[in-house]
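Q: Okay, handing you the structure first.
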Amino acid sequence: MIKKQTKRILRIVFIMASISSLFFVPWILVKAWILPLPDTVQEQVNEAIGHGFDGMIVYVDEAGKPPAFYAAGWKDRENKIPADPHALFKIGSINKLYVAVSIAKLVNDKRLSLDKTLADYFPELMGRIEYADKITLRLMAQHRSGLPIFTNHPGFWDNPQEGDKDVLEYALDLPANFEPGEDYEYCNTNYLLLSRLIDKIVGYSHHQFIKKEILIPLELNHTFSSLNEVNIDDVMSGYYVGYEADLKANNYGSMIATAQDVGIFLRALNDGSVFNGDEQEIYSSIYEYEHGGLIPGYQCLAEYHKDQDMVVVQFMNTTDFNGYHWNLSQIVINRIVKILRREKNS
1 MIKKQTKRIL RIVFIMASIS SLFFVPWILV KAWILPLPDT VQEQVNEAIG HGFDGMIVYV
61 DEAGKPPAFY AAGWKDRENK IPADPHALFK IGSINKLYVA VSIAKLVNDK RLSLDKTLAD
121 YFPELMGRIE YADKITLRLM AQHRSGLPIF TNHPGFWDNP QEGDKDVLEY ALDLPANFEP
181 GEDYEYCNTN YLLLSRLIDK IVGYSHHQFI KKEILIPLEL NHTFSSLNEV NIDDVMSGYY
241 VGYEADLKAN NYGSMIATAQ DVGIFLRALN DGSVFNGDEQ EIYSSIYEYE HGGLIPGYQC
301 LAEYHKDQDM VVVQFMNTTD FNGYHWNLSQ IVINRIVKIL RREKNS
């Protein structure tokens with residue numbers, strides 16, 4: 001848990017960053033975009049470190065080839081430990097893919113219905129969440145619920161999820177952002193509630209359900225539900241621009257995994273081997289087949305490219321307030337994919 005002094009420092013950093021961003025021209029984005037494309041993925045990874053990332057990991061699984069691993073920069077900047085392509089990493093919102101697969105499995109087993117509402121499953125939320133009787137599981141899974149976003153509340157970042165306060169409180173007793181089904185807005189509250197619904201329906205933690213139904217069958221032995229399950233030294237450090245401390249010990253509830261484990265899962269998601277029966281058809285109706293993740297100090301992208309039957313997972317351990325590093329990460333992965341396509345066609 002972040003100490004009070006650390007919280008105050010982070011608030012100051014956030015404020016200073018937001019003010020400076022008004023005057024800062026993102027020339028680095030232009031530079032990253034127009035630079036000549038390197039000959040190899042490793043050269044591109046090295047180049048990305050020059051854009052201001054502390055460390056980077058890339059995993060590539062291209063059909064017909066053995067998996068490839070790339071790394072540059074630091075796993076631990078302070079102790080000068082080089083980036084390790086097999087290090088554990090906080091994968092943030094990539095966890096939504098695992099939750100959505102779990103929902104599809106429970107719907108296929110008739111234990112959940114996508115057309116039932118939030119009020120049907122959590123009657124105690126009537127009067128505390130607007131339109132609770134109209135927000136279906138399908139709308140929640142598709143980010144079309146209109147629910148207030150709990151992670152937009154500054155109190156969430158002051159008090160990580162291991163704190164005493166239930167983070168759902170940050171989304172209660174607020175007006176809806178829009179009427180259910182009338183718009184789209186990416187919303188972490190949707191998947192917080194879906195995770196808790198899995199807990200309720202199966203009678204134990206959704207993390208354990210994910211392990212039983214996804215991780216064990218796919219032999220994903222380097223995927224974990226939280227920092228509490230791992231040796232902290234195995235986790236790649238995380239850094240926030242303008243703040244020197246290592247953020248890896250801060251627990252915001254993220255799943256932890258290696259790039260290879262994420263890549264194996266993403267391939268199984270896209271080739272359908274993670275599913276049974278009609279589960280894939282159900283899944284396709286509610287969610288996507290690739291994802292990104294972003295929490296303080298950690299950002300990741302997991303993509304599947306059908307034209308090459310290729311999975312690319314990219315981890316970067318530096319984030320900032322104004323989002324430049326997130327934009328940079330997208331530019332970098334696009335360049336990596338271009339290099340891989342060029343190699344295939346050469």
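Residue numbers (the numbering used here): 1 to 346.
Glycine included, C-beta positions come from ideal geometry on N, C-alpha and C.
No experiment lies behind these values; they were computed from the predicted model shown.
Take every Cβ of the segment 283 to 293, pair it with every Cβ of the segment 227 to 239, and state whether three or more of those distances are shorter than 8 Å.
A: no
Q: Can you give the Cα-Cα distance for residue 35 and residue 85, rounded to whole angstroms?
A: Put simply, the backbone Cα of residue 35 is about 25 Å away from that of residue 85.
Q: Since I believe residue 144 is in contact with residue 184 (beta carbons under 8 Å), could you give me their beta-carbon distance rounded to a whole number of angstroms?
A: Going by Cβ atoms, the distance from residue 184 to residue 144 rounds to 5 Å, so yes, they are a contact pair.
Q: When DSSP labels each residue in this structure, what does residue 183 get in the three-state scheme?
A: coil
Q: If you measure from the CB of residue 223, is any heavy atom of the ligand HEM nearer than 8 Å?
A: As presented, the structure is devoid of all ligands, the ligand HEM included, so that no description of it is given.
Q: Let's see if you can read the secondary structure: which residues bound the beta strand (DSSP E) around residue 55?
A: 55 to 62
Q: What's the gap between the Cα of residue 332 and the Cα of residue 256?
A: 23 Å
Q: Check each candidate in 342, 337, 345, 206 and name the one with the smallest Cα separation from residue 60.
A: 337
Q: Starting from residue 364 and walking both ways along the alpha helix (DSSP H), at which residues does that stretch end?
A: Residue coverage of the chain in this structure runs from 1 to 346, which leaves residue 364 outside it and unanswerable.
Q: Express the C-alpha separation of residue 195 and residue 347 in angstroms, rounding to a whole number.
A: The shown model of the chain, from 1 to 346, leaves out residue 347, and the question about it has no answer.
Q: Residues in its own chain within less than 8 Å of residue 125 by CB, not counting five upstream and five downstream?
A: Closer than 8 Å at the Cβ level, and outside the excluded window around residue 125, lie 118, 119, 132, 172.
Q: Using beta-carbon positions only, say whether residue 38 and residue 339 come within less than 9 Å of one another.
A: yes
Q: Mapping DSSP to helix, strand and coil, what is residue 67?
A: It is coil, neither helix nor strand.
Q: Could you compute how far the alpha carbon of residue 321 sits from the alpha carbon of residue 29?
A: 15 Å
Q: If you count every other CB in all the chains shown that lies within 10 Å of the CB of residue 246, and 16 or more means buried, which is it?
A: buried
Q: Could you pull out every unbroken beta strand (DSSP E) segment of at least 3 residues lying fully inside the segment 222 to 309, listed in chain order?
A: 291 to 295, 298 to 305
Q: Assign residue 180 to one of two classes, buried (16 or more other C-beta atoms within 10 Å of its C-beta) or exposed (fewer than that).
A: buried
Q: Look up residue 92 in the DSSP assignment and say whether it is helix, strand or coil.
A: It is helical.
Q: Report back the beta-carbon spacing between residue 83 and residue 72 to the nearest angstrom; my notes put them in contact at under 8 Å.
A: 6 Å
Q: Could you check which residue in 190, 244, 216, 248 has the C-alpha nearest to that of residue 231?
A: That would be 248, whose Cα lies nearest to the Cα of residue 231.
Q: Which class does residue 82 belong to by DSSP, given the choice of helix, strand or coil?
A: strand
Q: For my contact list, residue 294 and residue 201 are in at a C-beta cut-off of 8 Å; report their separation, rounded to the angstrom.
A: That belief does not hold up - the Cβ atoms of residue 294 and residue 201 are roughly 29 Å apart, past 8 Å.
Q: I need the straight-line Cα distance from residue 56 to residue 116, nearest angstrom please.
A: Near 42 Å, if we compare the C-alpha coordinates of residue 116 and residue 56.
Q: Is the separation between the beta-carbon of residue 94 and that of residue 305 shorter than 9 Å?
A: Residue 94 places its beta carbon 9 Å or farther from that of residue 305.
Q: Of the residues 43, 70, 33, which one's Cα is nearest the Cα of residue 258?
A: 70
Q: Are the Cβ atoms of residue 328 and residue 53 separated by less than 9 Å?
A: yes
Q: What is the DSSP secondary structure of residue 103, counted as helix, strand or coil?
A: helix
Q: Could you give the distance in angstroms between the alpha-carbon of residue 208 and the alpha-carbon of residue 345?
A: 43 Å
Q: Give the secondary structure of residue 21 by DSSP, where H, G and I count as helix, E and B as strand, and everything else as coil.
A: Unreliable placement is indicated for residue 21, whose pLDDT of 45 sits below 50; no coordinate value is reported for it.
Q: Are the beta-carbon atoms belonging to residue 62 and residue 316 less than 9 Å from one another?
A: no
Q: What would DSSP say about residue 73, mapped onto helix, strand or coil?
A: strand
Q: In three-state DSSP terms, what is residue 218?
A: coil
Q: The alpha helix (DSSP H) spanning residue 47 covers which residue range?
A: 41 to 49
Q: Give the straight-line distance between the Cα atoms of residue 335 and residue 96, rounded to the nearest whole angstrom.
A: 26 Å
Q: Mapping the DSSP letters down to three states, classify residue 314 as helix, strand or coil.
A: strand
Q: Compute the distance between the beta-carbons of residue 278 and residue 46, then report whether it is under 9 Å.
A: no
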